[in-house]
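One structure below.
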Amino acid sequence: MRFRIAWLLLAGLLALGGPPVATAGVFNPSTITLSNGLQVVVIENHRAPVVTHMIWYRVGAADEVPGKTGIAHFHEHLMFKGTKTVPPGGFSEMVARLGGNENAFTTQDYTAFYQSVAVEHLEEMMRLEADRMQNLVLTDDVVLPERDVIIEERRQRVDNDPGAQLGEMMRASLFLNHPYRMPTIGWLQEMQHLTTADAVAWHQKWYMPNNAIVVISGDVTMDQVRPLAEKYYGAIPAQPLAPRVRPDEPAQFAPRRVTMQDQRVQLASWTRQYEAPSYHHGAKEHAYALEVLSEILGGGTSSRLYRSLVVDQKLATGAGSNYDADNVDLSVFSLYAAAQSGAGAADTDKIEKAVDAEIGKLLKDGVTDDEVRRAKGVLLAEAVKARDSLAGPARIVGTALATGSTVDEIEGWPDRIGAVTVADVNAAAKAVFDIDYSVTGILLPQAGG
Amino acid sequence: MRRLAVALGALVVVALAGATILAHASPAMDVQEVTSPGGIHAWLVEDHSMPLVAVGLGFHGGSALDPRGKEGLAEMVSGLLDEGAGDLDSKTFQQRLNDLAIDYSFRAGIDDFTGSMRTLSDRRDEAFDLLRLSLTAPRFDAEPVERIRGQLLAELADESSDPNSIADRVWWHTSFAEHPYGRQTSGTQAGLQAVTAADLRGFVTARFTRDNLIIGVVGDISAADLKPLLDRTFGALPASGTADNVGEAAPGAPGSVIVVDQHVPQSIVLFGQGGVKRHDADFYAAFLMNHILGGGGFSSRLTQEVREKRGLAYSIDTDLVALDHVGLVQGMVGTKNASVGEAMTLIKQEWKRMRDEGPTEKELADAKLYLTGSYALRFGSTTSIAQALVGVQLEDFPSDYFSKRNGYIDAVTLDDVKRVARKLLDPDTLSFVIVGRPEGVTATQPAPEGLF
Numbered sequence: 500m501r502f503r504i505a506w507l508l509l510a511g512l513l514a515l516g517g518p519p520v521a522t523a524g525v526f527n528p529s530t531i532t533l534s535n536g537l538q539v540v541v542i543e544n545h546r547a548p549v550v551t552h553m554i555w556y557r558v559g560a561a562d563e564v565p566g567k568t569g570i571a572h573f574h575e576h577l578m579f580k581g582t583k584t585v586p587p588g589g590f591s592e593m594v595a596r597l598g599g600n601e602n603a604f605t606t607q608d609y610t611a612f613y614q615s616v617a618v619e620h621l622e623e624m625m626r627l628e629a630d631r632m633q634n635l636v637l638t639d640d641v642v643l644p645e646r647d648v649i650i651e652e653r654r655q656r657v658d659n660d661p662g663a664q665l666g667e668m669m670r671a672s673l674f675l676n677h678p679y680r681m682p683t684i685g686w687l688q689e690m691q692h693l694t695t696a697d698a699v700a701w702h703q704k705w706y707m708p709n710n711a712i713v714v715i716s717g718d719v720t721m722d723q724v725r726p727l728a729e730k731y732y733g734a735i736p737a738q739p740l741a742p743r744v745r746p747d748e749p750a751q752f753a754p755r756r757v758t759m760q761d762q763r764v765q766l767a768s769w770t771r772q773y774e775a776p777s778y779h780h781g782a783k784e785h786a787y788a789l790e791v792l793s794e795i796l797g798g799g800t801s802s803r804l805y806r807s808l809v810v811d812q813k814l815a816t817g818a819g820s821n822y823d824a825d826n827v828d829l830s831v832f833s834l835y836a837a838a839q840s841g842a843g844a845a846d847t848d849k850i851e852k853a854v855d856a857e858i859g860k861l862l863k864d865g866v867t868d869d870e871v872r873r874a875k876g877v878l879l880a881e882a883v884k885a886r887d888s889l890a891g892p893a894r895i896v897g898t899a900l901a902t903g904s905t906v907d908e909i910e911g912w913p914d915r916i917g918a919v920t921v922a923d924v925n926a927a928a929k930a931v932f933d934i935d936y937s938v939t940g941i942l943l944p945q946a947g948g
Numbered sequence: 037m038r039r040l041a042v043a044l045g046a047l048v049v050v051a052l053a054g055a056t057i058l059a060h061a062s063p064a065m066d067v068q069e070v071t072s073p074g075g076i077h078a079w080l081v082e083d084h085s086m087p088l089v090a091v092g093l094g095f096h097g098g099s100a101l102d103p104r105g106k107e108g109l110a111e112m113v114s115g116l117l118d119e120g121a122g123d124l125d126s127k128t129f130q131q132r133l134n135d136l137a138i139d140y141s142f143r144a145g146i147d148d149f150t151g152s153m154r155t156l157s158d159r160r161d162e163a164f165d166l167l168r169l170s171l172t173a174p175r176f177d178a179e180p181v182e183r184i185r186g187q188l189l190a191e192l193a194d195e196s197s198d199p200n201s202i203a204d205r206v207w208w209h210t211s212f213a214e215h216p217y218g219r220q221t222s223g224t225q226a227g228l229q230a231v232t233a234a235d236l237r238g239f240v241t242a243r244f245t246r247d248n249l250i251i252g253v254v255g256d257i258s259a260a261d262l263k264p265l266l267d268r269t270f271g272a273l274p275a276s277g278t279a280d281n282v283g284e285a286a287p288g289a290p291g292s293v294i295v296v297d298q299h300v301p302q303s304i305v306l307f308g309q310g311g312v313k314r315h316d317a318d319f320y321a322a323f324l325m326n327h328i329l330g331g332g333g334f335s336s337r338l339t340q341e342v343r344e345k346r347g348l349a350y351s352i353d354t355d356l357v358a359l360d361h362v363g364l365v366q367g368m369v370g371t372k373n374a375s376v377g378e379a380m381t382l383i384k385q386e387w388k389r390m391r392d393e394g395p396t397e398k399e400l401a402d403a404k405l406y407l408t409g410s411y412a413l414r415f416g417s418t419t420s421i422a423q424a425l426v427g428v429q430l431e432d433f434p435s436d437y438f439s440k441r442n443g444y445i446d447a448v449t450l451d452d453v454k455r456v457a458r459k460l461l462d463p464d465t466l467s468f469v470i471v472g473r474p475e476g477v478t479a480t481q482p483a484p485e486g487l488f
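First to last, the protein sequences are chains Y and P. Position in the first sequence (from 1) plus 499 gives the number in the working numbering. Position in the second sequence (from 1) plus 36 gives the number in the working numbering.
Structure below.
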């Protein structure tokens, strides 16, 4: 989830340099915390009589212990395997019969489950979601076939795709000590040996009301949600919650480089990743300025990288950057470019020199007032559009809360972006573009192929 | 605050666990048919709850009309309409879209060409003006033409090593041979190389005409405000153009099995055979049948047999593909090389079981509940509603379709689905393309080469 589309405010403050339009808060969420520690957030949206109900657990792949990579995601799949009173697949079957959509996702930092349904079915969703927090039943006959499913998922997402394989190698090279170096899906040889007991232990350790956030967006109010939340989620007792053990990154002394040459590759590409602060870790005072910087450097076809590499120098067919500040620990600032059809190592070398020249120019001359003003206009307008969706606002608020932001920080985001100055962006660029804290990844076709 | 952009119809019976759910009514979509003084027609759904306006555009005629030797022409046009128009060169046009924060995209389909624009309503007139320039005065300057050509060639190179793209291209080529449906919208290296600026201009003149224009508008705009904008934006388009001359098609190569060797751990298996077109009297019965067989997420028979019971795949699904000139039932599964034979046997078994026995009463009732109840969830954003307004017009349905659609689904009987399953499904004529190193599979013919 990208933070840049994660926000709304009314009208295009700052865009075009026109007069600012009054803002009416951001998401205006209502929030309560039940006596067992579960946080409940309601974001009203009365466009249509539908709701999205999400539950977020503050646990993800970066909380796994050595040798058990993949258990966070595997357990997410197993949450659909039934409880003491609901048969395997029964929750999904009920959602479908009610005309709802549902799914779940796991990241390094959190695991979330959601259903979108007509508002009159919200209570049933809360009842079933609370049930599986407390009463999940896992046995080998449902767990073992699902282990084969996640292994097929790994083959589909990673092992069939050389670009994704290179991404795993880069991530493991960028982070030297933090568990972010491990893939969320897991390493194959560890996935193959995950057991029912591993999943049960994971559930007992992390799935409790005091480690969860319920976010509901749609045609409801907190007055309607509160009694239902107390009835279903409030009845589950809090439990002692283990601290998250996440070793920090050491100082880094040398850039890394990963080159992957594979007969399946037809299109060469170049990627650089730098360790970067997030909203919550590292030099976090730079996080908002880095969002603006990413827009200037690689946010679209008017960005510096696209204009320079694609339009002017014709070295690449696409180029851009990416930065997401919504991490519990460090984030990554990445730059990428896709080569021309038929390109090889000499061409990715030229791309790398051109990107390094852009970074050098940026560090020497800085960004302009005009660039900062335009980038902030884009960010703030995208924030308006983020509300134009049923599930989007719940997902955005949930991501922010589950990674450690507060409601006040969510509401204050437009002001923080609006306050970013040229000097802030230049300082952020100097802080993040340290080659010793980076990995460069090059994907190449087989030589002579 | 208005709440009528899309309102779910009331449930006839509200049920908690265990109770009976009878039916979900259609969403109440208040579609206004608007005609400008100049005769431009549009469907409008007003929603003033957010300061946004979304516009969807559609033209009949897609990549199936690409001239032979110019494969990729429609795709190339779709990439160039925001790369300079009127007095604005590419850089200026892109900078203006960026500064105005307008979402702007065009897409070439097989049978149609569509566009999508979303803007904050305070800059609505500027956004419509850019749309006018894109459609009536695209520049096709040499720099952007060569740049976009390079991007499409690069994407094509990437596709040429992607197992899913290879499977798709080989299946359609094998099934439709010389018919235009045997080609891909993304074109070929040779076709993309051959497209000239004159070809691009010819496409625009022939296709972007008033008699071929479909418009859907959603959001913070009234009918009175929209009417003059329609004339200003689209009034200068030519009155008429070239008609669709694509002939009817039928999938060939029944029962074929083709293996494309690719060094991947998971084979991609694409399979399919004839289905029904959109206006076929049996469309809704086939739609329900497909949902139960392989279209319906966790509950479908194929997902249950292949994924849930045996763990052979992460995803397996089937789709009803209804093109202008052919209907298909088509599916895809990814499974490790050693399991391909077993997965294909299961697919054929389920194909046969559905043909011979049809669905159960419960399966049909559950499928109706899901498909009718979830319909309203498709309309969660201004953009998705605008796309639906265009899609329904492209299929030539009236504006009350949205309120009638769930009724068409509810009217399907068990006998209808059984009859349609018997008519459409035949495990022996299902044709397969497998990309990978599959085990337990015998190819019936060699893989075609040189398709990219």
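Virtual Cβ for every residue (Gly too), placed ideally from N, Cα, C. Since this is a predicted model, take the numbers as computed values, not measurements.
Asked                                                                                                                                                                               : Found
When you compare only the Cα positions, how much space is there between proline 174 (chain P) and serine 114 (chain P)?                                                             : 11 angstroms
Relative to chain Y, which residues along the segment 450–478 of chain P have a C-beta separation below 9 angstroms, given in chain order?                                          : Gly472
Apart from the five residues just before and just after glycine 54 (chain P), which ones in its own chain have a Cβ nearer than 7 angstroms to its Cβ?                              : Only weak support is given to the placement of glycine 54 (chain P): the predicted model assigns it a pLDDT of 38, under 50, and the value that follows is read from those uncertain coordinates. So the list is empty, once near-sequence residues are dropped.
Closer than 7 angstroms by beta-carbon distance: list the chain P residues that pair up with serine 801 (chain Y), in chain order.                                                  : Gln130, Gln131 and Asn134
Please state the DSSP three-state secondary structure of leucine 637 (chain Y).                                                                                                     : coil
Take the Cβ of serine 276 (chain P) as the centre, count every other Cβ of all protein chains shown within 10 Å, and call the residue buried at 16 or more, exposed below.          : exposed
Note down the Cα distance separating glutamine 68 (chain P) from alanine 144 (chain P), rounded to an integer number of angstroms.                                                  : 27 angstroms
Using a Cβ-Cβ cut-off of 7 angstroms, state whether threonine 480 (chain P) counts as contacting chain Y.                                                                           : no
Can you give me the Cβ contacts of serine 807 (chain Y) inside the same chain, cut-off strictly under 7 angstroms, excluding the 5 residues immediately before and after it?        : Ala853 and Glu857
Give me the chain Y residues within the contact set of glycine 370 (chain P), using Cβ-Cβ distance strictly less than 8 angstroms, ordered along the chain.                         : Glu651, Arg654, Gln655 and Asn659
Quick one: list the residues of chain Y neighbouring lysine 345 (chain P), beta-carbon separation under 7 angstroms, in chain order.                                                : Pro644
Does the segment 641–650 of chain Y come close enough to the segment 579–597 of chain Y that 3 or more CB-CB pairs lie under 8 angstroms?                                           : yes
For glycine 599 (chain Y), return the contacting residues in chain P, with the cut-off set at a CB-CB distance below 9 angstroms.                                                   : Tyr406, Gly409, Ser410 and Leu413
Looking at the structure shown, is isoleucine 735 (chain Y) part of a helix, part of a strand, or coil, going by DSSP?                                                              : coil
Please state whether DSSP places serine 830 (chain Y) in a helix, a strand or coil.                                                                                                 : strand
Any beta carbon of chain Y sitting closer than 7 angstroms to that of leucine 189 (chain P)?                                                                                        : yes
Looking at the structure shown, is serine 201 (chain P) part of a helix, part of a strand, or coil, going by DSSP?                                                                  : helix
Assign valine 744 (chain Y) to buried or exposed, taking buried as 16 or more other Cβ atoms, counted over all protein chains shown, within 10 Å of its Cβ.                         : exposed
What number of angstroms, rounded off, separates the C-alpha of glutamine 309 (chain P) from the C-alpha of methionine 380 (chain P)?                                               : 15 angstroms
Answer yes or no: do alanine 728 (chain Y) and proline 708 (chain Y) have a C-beta to C-beta separation smaller than 7 angstroms?                                                   : no
What did DSSP end up calling leucine 93 (chain P) once you bin it into helix, strand or coil?                                                                                       : strand
What distance in whole Å lies between the Cβ atoms of glutamate 794 (chain Y) and threonine 939 (chain Y), which are believed to be in contact at a cut-off of 8 angstroms?         : At roughly 23 angstroms, the Cβ-Cβ gap does not stay under 8 angstroms, so threonine 939 (chain Y) and glutamate 794 (chain Y) are not in contact.
Assuming phenylalanine 164 (chain P) is part of the alpha helix (DSSP H), what are its boundary residues?                                                                           : 160–172
Please name the residue, chosen from P:Arg314, P:Asp464 and P:Leu136, that lies closest to phenylalanine 307 (chain P) on a Cα-to-Cα basis.                                         : P:Asp464
Is the segment 189–204 of chain P close to the segment 289–302 of chain P, with three or more CB pairs under 8 angstroms?                                                           : yes
Around the Cβ of threonine 224 (chain P), are there at least 16 other Cβ atoms within 10 angstroms (buried) or fewer (exposed)?                                                     : buried
Does any heavy atom of the ligand ADP sit closer than 6 angstroms to the C-beta of glutamate 386 (chain P)?                                                                         : This structure lacks the ligand ADP, and indeed carries no ligand of any kind.
Taking only runs that begin and end inside the segment 621–686 of chain Y, name each unbroken alpha helix (DSSP H) of 4 or more residues, in chain order.                           : 621–634, 639–653 and 661–673
Along the segment 823–839 of chain Y, where does the CB come closer than 9 angstroms to a CB of chain P? Name the residues.                                                         : Ala837, Ala838 and Gln839
From the DSSP output, which residues share a beta bridge with glycine 472 (chain P)?                                                                                                : P:Asp297
Using a Cβ-Cβ cutoff of less than 6 angstroms, which residues in the same chain neighbour alanine 358 (chain P) once the five nearest sequence positions on both sides are dropped? : Lys313 and Arg314
Kindly list, in the order they appear in chain P, the residues whose Cβ is closer than 7 angstroms to that of glutamine 765 (chain Y).                                              : Ala193, Asp194, Ser196 and Ser197
Could you tell me the distance, in whole angstroms, from the CA atom of glycine 859 (chain Y) to the CA atom of arginine 183 (chain P)?                                             : 26 angstroms
Between which residues of its own chain and glutamate 628 (chain Y) is the CB-CB distance below 6 angstroms, once the five residues before and five after are set aside?            : Ile554
What are the residues of the segment 152–181 of chain P that lie near chain Y, defined by any Cβ-Cβ distance shorter than 8 angstroms?                                              : Arg154, Leu156, Asp158, Arg159 and Glu179
What does the Cβ neighbour count give for phenylalanine 319 (chain P), buried or exposed, with the cut at 16 atoms within 10 Å?                                                     : buried
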